[in-house]
Structure formats: structure tokens, C-alpha cells
Amino acid sequence: MKFRTLGRHFKEGSKSVFRNGWMTVSAVGATTTTLLLVGVFLAVMLNLNEFATSVEDDVEVRVFIERTANEQQVDQLGTDLEAINNVASVEYSSKEEELEGLVDSLGDQGQAFELFEQTNPLNDVYIIDPSTPTAADSIAEASRNLDYVYDVDYGEEIVQRLFTFNEYARTIGLALIVGLVFTAIFLISNTVRITILARKKEIEIMKLVGATNAFIRWPFFIEGMLLGLLGSIIPIAALAGGYYYLYYYLRDSINFEFVQLLPFHPFVWQLSGLILAIGVFIGIWGSVMSVRKFLKV
Amino acid sequence: MIEMQGVYKTYPNGVTALNGIDTRIDQGEFVYIVGPSGAGKSTFTKLIFREEKPSKGSILINDFDLSTMKQRQIPKLRRNVGVVYQDFRLLPRLTVYENVAFALEVIEEHPSNIRTRVMDVLDQVRLKNKARFIPDELSGGEQQRVSIARAIANRPRILIADEPTGNLDPETSWEIMHILEEINAEGTTILMATHNREIVNTVRRRVIAIEDGMIARDENRGDYGYEI
């Protein structure tokens, strides 16, 4: 298409946006609401996902060794553990090392535990790194049945809950969004339909004198696209502002030590791009629906 | 050149409009299409610019074979066939100039050509001085001249006029007729579907009479032939 022609289509498309008045307002409003919810949902989901993956990647199965086991039995257990399916590596950590780690992780308060150095109450431990995070469950199950195993721990509760919550949130959020997206598409297609009807005569003459179908359709696609674009302005501004506030101000007042928010840059730009893309998609799809149905060319 | 062979047209509602048409119209001819209302005149003209598709038979328009033509080639055909209607079909909010320019803009003609071409055709239909008027400010005859200017702006090889004088008084009808004759003199084929006995009997040209979907009569320098 020639550049000049594209300019004409843009002019015609934006003219209709203004001419349709309240229909434009309602279509843009529906798109705004939709995209705002989509944005919030995406921000939450992406952060949760990131968090879940980081927790997941850290999953390790800790096998506590019976205190009564002798050196040979401990070695045997190590070999047995390595033979379990999906075990990437097995690392031995003595109770002294464990205590040291505990003291370190607690900082100043940990110094209190230094007293236990004489009579260490901890167990020696095998730390298993699963080849895939989801294998942790079966590895824990298999190691529990081995001899000289005192206990097995892999933080199953936290991981499991996180995943369940994530899944629920995703399903409900998606259902809500799909509904809203369709409402927005419907309203945009109605707005474009009004333009098509208002331009019936023009379209007839265009066909008569030999304008191509693409030429006739373009202004309507552009109108839909503009409606989608207009609808994404407020959501992008609100989300960028909100996330900025959350990331730079609230972060200090809430303990986010283990919940790491995705960094403002580039996350907000990616999110904005995504919202813009969804807005444009909604707009174009809406106009395509009307053009297909009402524009017999 | 227009060539029809064994052309039939039955509409989806079961009405048969054309019932076996064979004819050939050469480039540069002036042809009247006459016949009673509902005999198939309109359908005959609509087939030529592919507003309707024949149910059976073959139609050749210049280099276009309408029976094998693909949907997306239709615009190309229509740039070769100008159409004028009884009811003018002008865009009411555009000026005379804009109405004609519109037809060139939408086929992506270069803007610098549009201006000169529009003024040329407005001159040809003698409306150059009314270029800034809107259709409502013009008489019926003037409006029809605008629609003729629009139809020939793209220099089509064929001009179809479907009862162009149907809404006009006798004097104005003659004005339109003279303009059509001038266009024909420049080599454009003209097909004029009409009920205007006076014009047909005065300006003698080829007459194709369509009755019951068939060609009842085809005479060079023929007459209107029907009693009112």
C-alpha cells in the first residue's frame, strides 16, 4: 500500500472515532475496564509465577540420617539415595556443618545456638537435588523407605499450596478476562458497524468505481485499532503508576524479603507493551467482525 | 467489446430475468437497450460490470472473461466500465468537485493527476463553474451531469447509463443525451437503457429490445417501437 493511501485511511478512521461520539466512549470504556483488569491480573500472575519458579528451583530434599547409623551404613544410604530416579546429585552435610549453617542464617540471634556446639542436637543430612522440581515428591517418598532414615523434608506444604493457589487464580482470572475481552470486542464491533451503515452510500460508490476490497476495509480496521489504542492509555498509566508506587515505596514498609517483586524496569515496559497489543488486538478483531458481517464487498 | 453467449440469469427467488442472450457490441458503439419494465434491461446492464453473475453462459468484456474471473479482479473490471444511474447517487455532503475527485481517490490515482482530470471532466459536462456547489444546490440535470463526470473520470472504455433521463424533463434529457453523444464520439462504448421514445426515435442508433429475458429485436438505426 502506498504511504499516501495509508494516510487517507488513518484520516477516515479517526474521523469516525470522533463522529461516533458516545458509541466511541462506551467502546473505549469497555476496553479500558478490560485492560485494567487484564493488567492487574497479569502483574499478579507474572510475579506469582516468578516467585513460584524461584521457590521451585530451590527445592531440595533433605534426608535426615538416624543418629545410630555407623559410617558404613551412612555410606550405604548415600549410594542407595543416588540410585533413586530423577536424583541429580546427593551431597553429605554433617551435623556440625548443619549447625554452622543454622547459626549463620540466623545472624546475631544465631549466636545463642553456638552453645549447642558441645552437644549438637541435629542430624547428619543428605541433601538431594532433584533433576526436576516436580520429582521432589517421589524422591522424598522413595527415600523415606530406606534404612537409617530418620526423617525426610522438602518443604512440600509451601510449594504445594503455592501451586494450587496459582492454578486457581489463573483459572478464575482467565475466565473473567475472556468474558471482558468479548464484551469489549462486541462493543467495538457495534461501533464500527455504525460507521459502516453511515457510510453505506460511500461504500456503494467505491465499489462501483472499482476501489479494491482492501481499500474499502482499511479505514474500519484503523477505526477499531484506534478504539483499542485509546482504551489502553488509562490502564497503562494506572498500572505503571501503581507498580512504581508498590515497587519503590511499599517495598520498604512491607517485608518482601522472600517475595521478590519483578524489577520495575523492564517489567512495566513489557506489561505496557502487552496491554497495548491486547488493546489493538481487541480493536482489530471487533472491526473484522463487523466488516465481515455488514460490509459485503 | 462486449460479447455474450447463451447467457441466462435466474435470481435466487426463482425469477428468471434473462433467458438466453447472444449478442456482440463492438468498441465505440452507441446502443439503446429498450423494452418493457421488468423485461431484463437492468439485469443485462448489471452483468456487464459484474454487479450480477450469470447463472449460465459466457460474457467477455474487453480482456475480461467474466465466467472465470476471480472475485478480486472485479475492481479492475469496474475501472473499465463507468456507470450512471437514474437517481445520480452522489454523496450529498461533498461538493461537485469532491464527488468526482472521490472516484479517483479511491482507486488510488495520484493527487496531482486528480485535480487536472476532475477539472477536465467538469469542463466536458459544462459544470466547471459549479465545482464548489453541493448536489442539493443543483438541478436534476446538473446532478446527472456530475454523475456522468464521475463515471468517465477514470476514462472507462464502456459507459453504462441505466435510464439516465428517467427523472428529468424533456429539455434536460436532451442535454444529457448530447453529453453522452460527445463521450461516444471520443470512442467510448455507450449502453443506454431507456424508456425515452423521443430520443431513441430522433437520434437513431443501434437498438436492442429485450422482452421476457430474450433479445426480441436488434436493429442498427432502429426505433423505439413500443406504444405507450
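Sequence order for the protein chains is A and B.
Following UniProt numbering, the numbering of the first sequence begins with 1 at its first residue and continues without gaps.
Following UniProt numbering, the numbering of the second sequence begins with 1 at its first residue and continues without gaps.
Glycine included, C-beta positions come from ideal geometry on N, C-alpha and C.
Paired residues, beta bridge with residue i - DSSP
i: residue 82(B); result: 159(B)
i: residue 191(B); result: 31(B), 160(B)
i: residue 10(B); result: 16(B)
i: residue 209(B); result: 34(B), 217(B)
i: residue 64(B); result: 61(B)
i: residue 24(B); result: 3(B)
i: residue 56(B); result: 8(B)
i: residue 103(A); result: Looking at the DSSP assignment, residue 103(A) forms no beta bridge with any residue, so it has no partner.
i: residue 92(A); result: 126(A)
i: residue 236(A); result: According to DSSP, residue 236(A) bridges with nothing at all.
i: residue 65(A); result: 149(A)
i: residue 87(A); result: 130(A)
Rounded Cβ spacing between residue i and residue j (contact assumed at less than 8 Å)
i: residue 146(B); j: residue 99(B); result: 6 Å
i: residue 154(A); j: residue 66(A); result: Actually they are not in contact, since the Cβ atoms of residue 154(A) and residue 66(A) sit about 18 Å apart, beyond 8 Å.
i: residue 96(B); j: residue 127(B); result: 6 Å
i: residue 106(B); j: residue 211(A); result: 4 Å
i: residue 131(A); j: residue 192(A); result: With a Cβ gap of about 53 Å, residue 131(A) and residue 192(A) do not count as contacting.
i: residue 47(A); j: residue 261(A); result: 6 Å
i: residue 148(B); j: residue 179(B); result: 6 Å
i: residue 223(A); j: residue 28(A); result: The Cβ separation is near 12 Å, so there is no contact.
i: residue 203(B); j: residue 152(B); result: Between residue 152(B) and residue 203(B) the Cβ distance is about 19 Å, and since that is not below 8 Å, they are no contact.
i: residue 175(B); j: residue 141(B); result: 5 Å
Proximity to residue i [Cα-Cα], best of the options
i: residue 13(A); options: 29(A), 40(A), 196(A), 245(A); result: 196(A)
i: residue 264(A); options: 28(A), 277(A), 98(A), 242(A); result: 242(A)
i: residue 74(A); options: 40(A), 118(A), 237(A), 126(A); result: 126(A)
i: residue 119(B); options: 107(B), 132(B), 108(B); result: 132(B)
i: residue 40(B); options: 200(B), 222(B), 193(B); result: 193(B)
i: residue 70(B); options: 199(B), 122(B), 53(B), 226(B); result: 53(B)
i: residue 1(B); options: 80(B), 37(B), 185(B), 167(B); result: 80(B)
i: residue 79(A); options: 39(A), 247(A), 146(A); result: 146(A)
i: residue 36(A); options: 247(A), 288(A), 239(A); result: 239(A)
i: residue 137(A); options: 287(A), 180(A), 63(A), 179(A); result: 63(A)
i: residue 236(A); options: 2(A), 42(A), 21(A), 7(A); result: 42(A)
i: residue 212(B); options: 6(B), 16(B), 85(B), 222(B); result: 16(B)
i: residue 138(B); options: 160(B), 94(B), 195(B), 152(B); result: 94(B)
i: residue 24(A); options: 139(A), 190(A), 92(A); result: 190(A)
i: residue 94(A); options: 76(A), 122(A), 274(A), 143(A); result: 122(A)
i: residue 86(A); options: 119(A), 203(A), 186(A), 129(A); result: 129(A)
i: residue 48(B); options: 207(B), 202(B), 64(B); result: 64(B)
i: residue 124(A); options: 187(A), 133(A), 200(A), 68(A); result: 68(A)
i: residue 248(A); options: 268(A), 231(A), 234(A); result: 268(A)
i: residue 30(B); options: 187(B), 123(B), 215(B), 134(B); result: 187(B)
i: residue 97(A); options: 116(A), 84(A), 83(A), 82(A); result: 116(A)
Same chain, Cβ closer than 6 Å to residue i, five either side skipped, listed in chain order
i: residue 184(A); result: 30, 31, 34, 282
i: residue 3(B); result: 24, 60
i: residue 222(B); result: 207
i: residue 56(B); result: 8
i: residue 188(A); result: 27, 224, 227, 283, 286
i: residue 219(A); result: 9, 12, 13
Other residues of its chain near residue i: CB distance less than 7 Å, five sequence neighbours each side excluded
i: residue 280(A); result: 225, 228, 229
i: residue 18(B); result: 7, 8, 9, 40, 43, 44, 213
i: residue 89(A); result: 129
i: residue 224(B); result: 34, 197, 200, 201
i: residue 89(B); result: 147
Cβ-based neighbour list, residue i, same chain, cut-off 8 Å, excluding 5 preceding and 5 following
i: residue 114(A); result: 103
i: residue 38(A); result: 177, 180, 181, 235, 275, 278
i: residue 169(A); result: 44, 45, 48
Checklist entry - Unbroken alpha helix (DSSP H) runs of length 4 or more, entirely within the segment 30 to 63 of chain A: which are they? => result Secondary structure in the segment 30 to 63 of chain A: no alpha helix (DSSP H) run of 4 residues or longer lies completely within the stretch.
Checklist entry - Along the chain, which unbroken stretches of the alpha helix (DSSP H) at least 4 residues long are found entirely within the segment 156 to 229 of chain A? => result 156 to 198, 200 to 209
Checklist entry - Which runs of the alpha helix (DSSP H) spanning at least 4 residues fall entirely within the segment 116 to 162 of chain A, listed in chain order? => result 136 to 144
Next on the checklist: As an exercise, report each continuous alpha helix (DSSP H) stretch of at least 4 residues that is fully enclosed by the segment 87 to 132 of chain B, in chain order.
Outcome noted: For the segment 87 to 132 of chain B, whole alpha helix (DSSP H) runs of length 4 or above, ordered along the chain, are 96 to 105, 111 to 124.
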